[in-house]
Every structure is written in structure tokens, then in C-alpha cells.
Amino acid sequence: MAVGVASARAGEGRWRVRRLVDRPIIAPGMDSRMGDNIEGPSLIRAPDWLPGRLGRYYLYFADHKGDYIRLAYADRLEGPWTVHAPGSLDLAQSGFPTVRQSGSPEAEAKLLQGAGPNRAPPGTPGIPSPLDDATLPHIASPDVHVDHERRRIVMYHHGLSAFTQQRTRVAISMDGVSFRPLGETLGPAYMRVFPHAGQTYAMAMPGIFLRSPDGFAPFEVGPRLFGIDQRHSALLQRGDTLHVFWTRVGDAPERIYVSDIDISGDWAGWKAGPPVEVLRPERPWEGAGLPLVPSYRSAINLPANQLRDPAIYEEGGRVYMVYAVQGERGLGIVELGLPA
Numbered sequence: 000m001a002v003g004v005a006s007a008r009a010g011e012g013r014w015r016v017r018r019l020v021d022r023p024i025i026a027p028g029m030d031s032r033m034g035d036n037i038e039g040p041s042l043i044r045a046p047d048w049l050p051g052r053l054g055r056y057y058l059y060f061a062d063h064k065g066d067y068i069r070l071a072y073a074d075r076l077e078g079p080w081t082v083h084a085p086g087s088l089d090l091a092q093s094g095f096p097t098v099r100q101s102g103s104p105e106a107e108a109k110l111l112q113g114a115g116p117n118r119a120p121p122g123t124p125g126i127p128s129p130l131d132d133a134t135l136p137h138i139a140s141p142d143v144h145v146d147h148e149r150r151r152i153v154m155y156h157h158g159l160s161a162f163t164q165q166r167t168r169v170a171i172s173m174d175g176v177s178f179r180p181l182g183e184t185l186g187p188a189y190m191r192v193f194p195h196a197g198q199t200y201a202m203a204m205p206g207i208f209l210r211s212p213d214g215f216a217p218f219e220v221g222p223r224l225f226g227i228d229q230r231h232s233a234l235l236q237r238g239d240t241l242h243v244f245w246t247r248v249g250d251a252p253e254r255i256y257v258s259d260i261d262i263s264g265d266w267a268g269w270k271a272g273p274p275v276e277v278l279r280p281e282r283p284w285e286g287a288g289l290p291l292v293p294s295y296r297s298a299i300n301l302p303a304n305q306l307r308d309p310a311i312y313e314e315g316g317r318v319y320m321v322y323a324v325q326g327e328r329g330l331g332i333v334e335l336g337l338p339a
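Going by numbering that gives the first Met the number 0, 257 is the number at position 258 of the sequence shown; the sequence numbering is gapless.
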């Protein structure tokens with residue numbers, strides 16, 4: 000049942016937003032393992048050929064600094080959703096390091112001396128220190144795709160590969176539950192993949208475009224179209240237009256925008272259009288009413304007046320967006336009304 004309609008605050012209400020339910024679809028306490036940090040969603044329709052289907056829809060998500068990729072399933076987009084407690088891919092099986100990655104004493108001391116751009120001051124409650132960000136092993140940010148031709152599920156995800164370095168790997172699954180990682184790293188963190196011009200393209204944070212012949216060979220780095228304050232993103236293709244949904248570190252409140260890119264020509268000439276606001280926290284469960292303060296880089300382990308981590312899902316000509324609420328404290332879902 001739809002409960003509430005909102006419009007974009009810029010661009011003459013160009014994007015309409017309809018909440019499917021007036022509550023999170025994923026929230027802390029839904030199982031005993033996953034904890035309170037909930038972010039990085041990726042939603043698919045579980046294909047009919049998938050063996051042992053748990054439900055009609057599979058929703059993958061993460062803890063910003065977690066040690067496994069979570070999985071929930073449902074027969075309806077609005078739920079109820081059930082968390083599959085074992086998850087879908089553990090850090091120990093991912094190929095990424097499982098222990099802290101040390102730097103030189105000088106490099107670690109420099110991290111402790113002060114915050115960089117968009118970084119929280121040392122000791123800010125709920126936010127990892129710069130040293131933790133640089134050293135803590137984790138996997139997160141699943142970007143999941145259905146390969147109907149080969150009857151498999153493909154998951155791009157990132158992890159800490161070395162001190163201060165995060166990279167993306169790919170894993171495949173024949174059942175959508177248990178994933179097998181492939182060998183090498185492919186590119187930078189937070190990659191969102193899309194097919195274009197006979198190749199596999201991706202956008203990584205912050206707004207870096209890449210491409211690969213097949214999505215499994217390492218990606219060539221191309222232009223960067225967004226500023227360093229861009230956080231996570233989601234992509235929606237419409238012909239030669241790429242709609243990029245994203246959030247910006249430092250906003251108060253952090254909210255979801257969309258920018259359009261004409262991808263008809265050579266990528267050296269691509270340009271991102273201006274941001275149009277799509278959604279900000281408007282419900283208490285989204286973070287409305289919590290202190291209105293600028294957001295920072297890294298995880299947020301306390302409820303905050305922020306929306307993060309949009310993910311786009313299409314079905315039957317309709318477009319839906321899953322997003323992180325209260326910073327990283329759960330997931331909501333809306334239907335989007337596309338531009339005319």
C-alpha cells in the first residue's frame with residue numbers, strides 16, 4: 000500500500016517519489032547477527048530458473064565496516080522481508096585481507112594528526128577514526144546483476160585490499176545465496192556497473208567512470224564527472240541518458256540527488272548535469288527530527304538526519320529506489336516517477 004507522496008525540491012517537481020510503506024523494510028534487530036549498521040543495498044528479482052528460491056526478491060546489503068554481505072528475501076517489494084542469517088559472501092571467502100592492514104609509522108601518525116576533507120574530527124561519536132578507515136578489513140557495497148544467458152548472479156563488491164586502499168572484486172553464484180569470488184581486483188571502490196556500447200562501464204566513487212571489455216577483466220579508468228564530495232551512487236539508463244542518483248558528503252541533511260549525463264558520444268566529452276534533489280529525510284524513521292548537522296565521510300554508527308546509498312530497481316516499466324535511512328540505520332523503499 001502506498002503511503003505518502005513527495006516531489007523533488009528542485010527542477011519543478013520533476014521527480015515524484017511514493018513511499019511503498021511508511022517504515023523501513025530492513026531495520027536493526029531483524030536477526031541476531033547483522034548488527035545496527037545497515038547500508039549499501041542492491042535489489043534483484045530472483046529469476047524463475049534460480050534453484051531453491053527463497054522468495055521473489057533478493058535484497059543484498061552490508062555493514063559499512065562489516066565482515067559479510069547480508070541477504071534478505073521477500074515475495075513483495077514492501078515486504079515483509081526475512082533476513083537470511085548466513086548472508087551471501089563472507090570476508091574470509093572474499094579474497095580480501097581479514098586482518099588489519101598496517102602502514103608505515105609515519106603514515107599512521109599522519110592519519111592521527113588531523114582530519115582530511117569531509118572527515119570528522121578525531122573522537123567524533125559514531126564515526127570511525129581515520130586510522131580505522133585505513134586499516135580495518137571489511138567487505139561492503141554489493142552491486143548485483145542477473146545474468147540470464149549464463150543463469151548466474153554476478154556481484155561486484157569492494158573491500159580493503161591494503162593500507163588506505165579499497166578495491167572492487169566480482170563474485171558469481173548459481174543460486175544467488177552462495178557466491179564464489181573470482182581472482183583479481185577490477186577497479187576502485189563503490190563501482191556501479193552498466194552495459195554500454197558493447198562494453199561494461201562502471202561509475203566508482205567519487206564519480207569516476209571506467210570500462211572493461213566484459214566486466215570481468217580489469218577496468219580502464221576514464222573521466223571523473225563529480226566532485227570529491229560525492230558519496231555512493233546508483234544508475235538508471237534511458238537510451239543515451241544516464242541518470243545518476245547520488246548523495247553529497249557535507250550536506251545538512253545529506254539527501255539524494257539525480258544528475259543526468261548524455262552518454263551518446265565519446266566518454267571524454269561526457270558531462271554531468273546539475274543536481275536535482277529527489278528525496279531528503281521527511282519521516283522520523285528516515286532521520287527527520289534528529290540534529291541537522293553536516294555529514295562526514297566514513298560509516299555512521301549512530302542514528303542521523305541523513306539519507307545515503309540509493310539503489311535502483313526496475314520491474315514492469317516501473318522504477319523503485321532502495322536507500323539507507325537515519326544515516327546507516329536501515330533501508331527504505333520508494334517508487335520513482337520518471338521525467339516526462
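Every residue gets a Cβ at the ideal spot worked out from N, C-alpha and C, and that includes glycine.
Given the structure is predicted, the values throughout are model-derived calculations rather than measurements.
Neighbourhood of P205 by C-beta, 6 Å cutoff - its chain only, sequence neighbours within 5 removed: F225, I227 and Q229
Alpha carbon to alpha carbon, how far is D239 from P120? Give it in angstroms, no decimals. 42 Å
Where D131 falls: helix, strand or coil (DSSP): helix
Go ahead and label G315 buried or exposed: buried means 16 or more other beta carbons lie within 10 angstroms of its beta carbon, across all protein chains shown. exposed
Please find out if some non-hydrogen atom of the ligand SAH comes closer than 6 Å to the beta-carbon of S172. Among the ligands in the structure shown, none appear at all, so the ligand SAH cannot be discussed.
Does the stretch 284 to 302 come close enough to the stretch 323 to 332 to have 3 or more Cβ pairs within less than 8 Å? yes
Inter-residue spacing [alpha-carbon to alpha-carbon] between P280 and S232: 17 Å
Distance, D308 Cα to G286 Cα: 14 Å
Is A271 helix, strand or coil by DSSP? strand
Among V153, I255 and G94, the one whose alpha carbon lies nearest that of R191: V153
Just how far apart, CA to CA, sit A7 and E77? Bear in mind that the predicted position of A7 carries a pLDDT of just 41, short of 50, making it unreliable; the figure below should be weighed with that in mind. Their backbone Cα atoms lie some 22 Å apart in a straight line.
Alpha carbons only, please: which of S103, L185 and V169 is nearest the one belonging to F178? V169
Note the first and the last residue of the continuous beta strand (DSSP E) segment covering E183. Note, E183: premise wrong, no beta strand (DSSP E); not H, not E.
For W245, which residues does DSSP report across the bridge? S232 and Y256
Let me make sure I understand the geometry here. Which of A188, G214 and T184 has the alpha-carbon closest to that of G197? G214
Return the CA-CA distance between P27 and T199, expressed in angstroms with no decimal places. 35 Å
Mapping DSSP to helix, strand and coil, what is S211? strand
Beta-ladder partner(s) of I299, from DSSP: Answer by DSSP bridge pairing: none, since I299 is not bridged.
Using 7 Å as the threshold, is the C-beta distance between G65 and H156 below it? no
Tell me whether the beta-carbon of A251 lies closer than 7 Å to the beta-carbon of S41. no
Alpha carbon to alpha carbon, how far is G125 from Y67? 20 Å
Under a three-way DSSP split, which group does P290 fall into? coil
Those residues which DSSP pairs with P187 across a bridge: R166
Would you decide whether W48 is buried or exposed? Buried here means 16 or more other CB atoms lie within 10 Å of its CB. exposed
Please return the same chain residues whose Cβ sits closer than 6 Å to the Cβ of T97, not counting the five positions on each side in sequence. L90, A91 and P136
What is the DSSP secondary structure of A251, reduced to helix, strand or coil? coil
If you draw a straight line from the C-alpha of G39 to the C-alpha of Y59, how long is it? 8 Å
Measuring straight from C-alpha to C-alpha, what distance separates S93 and R151? 18 Å
In angstroms with no decimal places, state the Cα-to-Cα distance between Q100 and A108. 14 Å
Using the three-state DSSP reduction, which class does Q100 fall into: helix, strand or coil? coil
Proximity of V318 and L335 at Cβ, strictly below 7 Å: yes
CA-CA distance, P129 and S258? 30 Å
For G3, three-class secondary structure by DSSP: Its pLDDT being 48, under 50, G3 is placed unreliably in this model, and the value from its coordinates should be taken loosely. Three-state DSSP puts G3 in coil, outside helix and strand.
Going by beta carbon distance, what residues of the same chain come within less than 7 Å of P23, once the five residues before and after it are set aside? W284, V324, G329, L330 and G331
Along the chain, where does the beta strand (DSSP E) containing S263 start, and where does it finish? Unbroken run through S263: none, as it is neither H nor E.
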